[in-house]
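The numbering of the sequence shown is full-length UniProt numbering, which starts it at 1 and goes up by one. Data first, discussion second: the structure below is written as structure tokens.
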Amino acid sequence: MDGLSSYISDEEEPANCKVGSPKAESNKLENDSNQISIENLKTKYQLNIVPPVIDRKFEYDEKRYLVDSSTKELKLNIKYDDLFKPEIGPVHPYKTQQQLAKRNTLAGFVEKANVSDFQFDNQHKTFISYGYALDPSTEGETYVGAITKMVENGGKTVFESTKKRLGDKRKRLSPGNPEDIDGYKGPWAPFVDQKVSSKPNEEQQTILTEYEEKKEKKSKKDDEKIEEKSRAHIDDLYDYQGRSFLHIPVDVDVDLKKDEPPEKCFLPKKLIHTWSGHSKGVTAIRLFPKSGHLLLSSSMDCKIKIWEVYNKRRNIRTYIGHTKSVRDICFNNDGTKFISCGYDRWIKLWDTETGECLGRYSNKKIPYCIKFNPDEDKQHLFIAGMSDNKMITWDTRENEIVQEYDRHLGSVNTITFVDKNQRIVTTSDDKSLRIWEWDIPVDAKLIQEPSMHSMPAATLSPNGKWLATQSMDNQILIYSVLGRFRQNRKKIFKGHMNAGYACQVNFSPDMSYLVSGDADGKLNIWDWKTTKLYSKFKAHDQVCIGCEWLPQETSKISTCGWDCLIKLWDLLLEF
1 MDGLSSYISD
11 EEEPANCKVG
21 SPKAESNKLE
31 NDSNQISIEN
41 LKTKYQLNIV
51 PPVIDRKFEY
61 DEKRYLVDSS
71 TKELKLNIKY
81 DDLFKPEIGP
91 VHPYKTQQQL
101 AKRNTLAGFV
111 EKANVSDFQF
121 DNQHKTFISY
131 GYALDPSTEG
141 ETYVGAITKM
151 VENGGKTVFE
161 STKKRLGDKR
171 KRLSPGNPED
181 IDGYKGPWAP
191 FVDQKVSSKP
201 NEEQQTILTE
211 YEEKKEKKSK
221 KDDEKIEEKS
231 RAHIDDLYDY
241 QGRSFLHIPV
251 DVDVDLKKDE
261 PPEKCFLPKK
271 LIHTWSGHSK
281 GVTAIRLFPK
291 SGHLLLSSSM
301 DCKIKIWEVY
311 NKRRNIRTYI
321 GHTKSVRDIC
331 FNNDGTKFIS
341 CGYDRWIKLW
351 DTETGECLGR
361 YSNKKIPYCI
371 KFNPDEDKQH
381 LFIAGMSDNK
391 MITWDTRENE
401 IVQEYDRHLG
411 SVNTITFVDK
421 NQRIVTTSDD
431 KSLRIWEWDI
441 PVDAKLIQEP
451 SMHSMPAATL
461 SPNGKWLATQ
471 SMDNQILIYS
481 VLGRFRQNRK
491 KIFKGHMNAG
501 YACQVNFSPD
511 MSYLVSGDAD
521 GKLNIWDWKT
531 TKLYSKFKAH
541 DQVCIGCEWL
551 PQETSKISTC
561 GWDCLIKLWD
571 LLLEF
């Protein structure tokens, strides 16, 4: 206020104003009136630089101030006890003390904290390496863990130097002269006390001896040849003319000797017969070539059986010669012989009529599939897909291996002869499909895409133009085998569940239907032209692993499953 009274300076007075003039007198009167008004303001308003503090001690003792839990600003110096007292109001009777406590997250109260990444990693690695670390819950140097080790190391961390290992450093021999090429050892010189020995010590020799003995016993056990035998189940193996059961019957209502397939096939609907004789699941069934009047079956019970398809439908003979489950079977062109392979690593050649074992073949690997060469002049050759990613061709006359195909990266699952038996198509666990020229061990074509799955079953169509493969993504894929070998993407058959099982695929003789079993024991029948699923019915209680359409019948299909049964299906019931 004092500054306001002296605000007007002499510099602001006009230069032409003279003392004693009327104008000067009027200016003096105005200044006096302004000074009086400022004096009035000074008495009315006073500037207090140090105001007195309101002492509410007595008020605070008499009153209790309530603070909302959501308040972020305090205008009074409230005591700690009052600030953290429980809130006023009813308390939930069933909540625990932990549930009633204040929290800012679902699990509790989280406070902000700053942690040094280096110190955290330092203590963590020290505890892992030495077994001790600083106690983070207390102030000062308090350790937890292996206190004795901490005392030995002086409480040092992994980032600090600790006591070195006691003992002298091993000395090496002199590296020699670098000019001496043969005698120079350099940094690779051996230690002074290093012992060089090319013979195993006693303990190592004992282990090696035991291993060799076990290996020798195992090889002897594998080399033990089981006595192959067969057992006939019927008395009339030969008829009154001396013909064996291999002779094609003529007393049935179908001509089994004709070369042309039926003109029109129909969907089977009824179960007309069930063959039961295997004690474990049936792995494969094969019909007698061309006529289909006999049915050959292999099983997990290590046995192979042959059955009548017409007339009394009896079990004719059982072939016994494998010690483990039989994997695959195959007839030759005239059906007088067949080969079988099993998980006992043996491939055996059988005489169908007498049951005699004509040959035994093995390369110490598990054969997964076998096929005779369909050419008439090569019936003494058969090819087998093995578990060691190879395909091996044996000559039954010389009893020796004549060719090996080694290009697959997984076990070979199927072998199919195509293009007038000049080429073979193989599928493998490496999710590839390869085409080979016969007797040339280099694949001519490889089909392998990232979207492909393993194809453990494949069948050639009756007209020899298409190859149907069972893909593990619940699809049946079709490939053209004539000319350029490629997939027909317009024909993809879906609607069944076969993932994990090598369910056999088959065609009807007139090429109008495609047939396959599935993992649920159902038989699926698709239309070949439209790829539409026409029929789907329960055929077996377990996996339906195999199916064969009788080559001279219009609607008869035989199926096998892991329920130990073989069934025959037809359009109508027989009378």
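C-beta atoms are modelled at their ideal positions from N, C-alpha and C, and glycine is treated no differently.
| Check | Outcome |
| --- | --- |
| Is Leu169 helix, strand or coil by DSSP? | Residue 169 is actually Lys in this sequence, not Leu. Correct three-state label for Lys169: coil. |
| Write down the C-beta distance between Pro462 and Phe507 rounded to the nearest angstrom, noting that I regard them as a contact closer than 8 Å. | 6 Å |
| Our contact map puts His233 next to Asn315 with C-beta atoms below 8 Å; I'd like the distance itself, whole angstroms only. | 5 Å |
| Can you grab the Cα-Cα spacing for the pair Leu460 / Tyr513, in whole Å? | 13 Å |
| Closer than 8 Å by C-beta to Lys365: which residues in its own chain qualify, once you throw out the five before and the five after it? Chain order, please. | Arg345, Met386, Ser387, Asp388, Lys390 |
| Just checking: is the beta-carbon of Lys269 within a distance shorter than 9 Å of some beta-carbon in chain C? | Among the chains in the structure shown there is no chain C, since it carries only a single protein chain. |
| For Lys431 and Gln448, what's the separation of their Cα atoms in angstroms? | 7 Å |
| Helix, strand or coil for residue 659, going by three-state DSSP, please let me know. | This structure cannot speak to residue 659, because the chain is shown only from 1 to 575. |
| Taking just the CA atoms, how far does Glu398 sit from Gly521? | 43 Å |
| How many Å lie between Ser6 and Ser69 at the Cα? | Only weak support is given to the placement of Ser6: the predicted model assigns it a pLDDT of 47, under 50, and the value that follows is read from those uncertain coordinates. When rounded, the distance between both Cα atoms is 55 Å. |
| Contact check, Leu433 vs Met455 under 8 Å by CB: the rounded distance? | 7 Å |
| State buried or exposed for Cys17, treating a residue as buried only when at least 16 other CB atoms are found within 10 Å of its CB. | Caution applies to Cys17, whose pLDDT of 47 falls short of 50 and renders its modelled position unreliable; the value that the coordinates give is listed next. With fewer than 16 Cβ atoms within 10 Å of its Cβ, Cys17 is classed as exposed. |
| With a 10 Å radius around its C-beta and 16 neighbouring C-beta atoms as the bar for buried, classify Ala444 as buried or exposed. | exposed |
| Find the nearest neighbour of Ile320 within the set Leu550, His496, Ile226, judged by alpha-carbon distance. | Ile226 |
| Residue range of the beta strand (DSSP E) that Val425 falls in? | 423 to 428 |
| Can you give me the C-alpha to C-alpha distance between Val425 and Ala457, rounded to a whole angstrom? | 12 Å |
| What residues in its chain sit with their C-beta under 6 Å from that of Met150, if we drop five residues either side in the sequence? | Tyr132, Tyr143 |
| For Ser471, count the other beta carbons within 10 Å of its own beta carbon; 16 or more makes it buried, fewer makes it exposed. Which is it? | buried |
| Let me know if Phe191 comes out buried or exposed under the rule of 16 or more other beta-carbons within 10 Å of its beta-carbon. | exposed |
| Which value, in whole angstroms, describes the spacing of the CA atoms of Leu29 and Asn77? | Because Leu29 sits at a pLDDT of 48, beneath the cut-off of 50, its placement in the model cannot be relied upon, and the following sentence gives the value as read from the coordinates. Rounded to the nearest angstrom, the two C-alpha atoms are 55 Å apart. |
| Between the Cα of Tyr343 and the Cα atoms of Asp82, Val250, Thr283, Tyr501, which residue gives the shortest distance? | Thr283 |
| Is the separation between the beta-carbon of Asp563 and that of Asp527 shorter than 9 Å? | no |
| Tell me whether Asn16 sits in a helix, a strand or coil according to DSSP, three-state version. | For Asn16, the pLDDT reaches just 48, beneath the cut-off of 50, and the residue's location in the model is therefore unreliable, although a value from the coordinates is still provided. Note: Asn16 maps to coil in three-state DSSP. |
| Please report the Cβ distance between Val326 and Cys357, rounded to the nearest whole angstrom; I am assuming they are in contact, meaning their Cβ atoms lie under 8 Å. | With a Cβ gap of about 14 Å, Val326 and Cys357 do not count as contacting. |
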